[in-house]
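Colleague: Dumping the structure here so I can ask a few things about it.
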Amino acid sequence: MPFHRRALNELQPGDLVYYGPCPEFYGIGEIINKVEQFCIVDFRGTGEYGIHKDAMESKYLIPIHKLNLSHLLTEV
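Residue numbers (our numbering): 196 to 271.
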């Protein structure tokens with residue numbers, strides 16, 4: 196079953212995400228606002244399309260958990 200049909204993401208502003216079907220096109224983004232089932236995501240032009248901000252349904256966004264990045268993160 197596709198991810199968007201089983202996704203029950205609890206996404207919050209500040210979470211890092213990527214767009215499920217084609218992460219290389221949009222890149223990695225940060226959720227800057229959430230309104231009902233939609234998230235405003237700032238991709239900062241990190242993908243092939245150079246998209247900066249877009250509104251997407253949260254079921255299409257896959258979170259990048261801090262546990263997966265713990266070897267890259269440092270405390271400030």
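No residue lacks a Cβ here, since even glycine has one placed at the ideal position from N, Cα and C.
Between F233 and G209, what straight-line distance do the alpha-carbon atoms span, to the nearest angstrom?
Modeller: Taking the first residue of the sequence shown as 1, we reach residue 233 at position 38. Taking the first residue of the sequence shown as 1, we reach residue 209 at position 14. So the alpha carbons of these two residues sit roughly 14 Å apart.
Colleague: Nearest to V230 by CA position, among M251, G245 and Y214, is which residue?
Modeller: Residue mapping note: residue 230 aligns to position 35 of the sequence shown, counting from 1. It is M251.
Colleague: If the criterion is Cβ atoms closer than 9 Å, does the pair G215 and T241 meet it?
Modeller: The residue given as residue 215 occupies position 20 in the sequence shown. The residue given as residue 241 occupies position 46 in the sequence shown. No, the Cβ-Cβ distance between G215 and T241 is not below 9 Å.
Colleague: Hey, quick one: how far does the beta strand (DSSP E) through P258 stretch, first residue to last?
Modeller: Position 63 of the sequence shown, counted from the first residue, corresponds to residue 258. Taken as a continuous stretch (DSSP letters only), the beta strand (DSSP E) holding P258 covers L256 to P258.
Colleague: Could you tell me if the beta carbon of V236 falls within a distance shorter than 8 Å of some heavy atom in the ligand SAM?
Modeller: With respect to the ligand SAM, the structure shown offers nothing to examine, as it has no ligands at all.
Colleague: Please report the distance separating the alpha-carbon of I246 from that of K254.
Modeller: As a position in the sequence shown, residue 246 is number 51, starting the count at 1. As a position in the sequence shown, residue 254 is number 59, starting the count at 1. Going by the C-alpha atoms only, they are around 19 Å apart.
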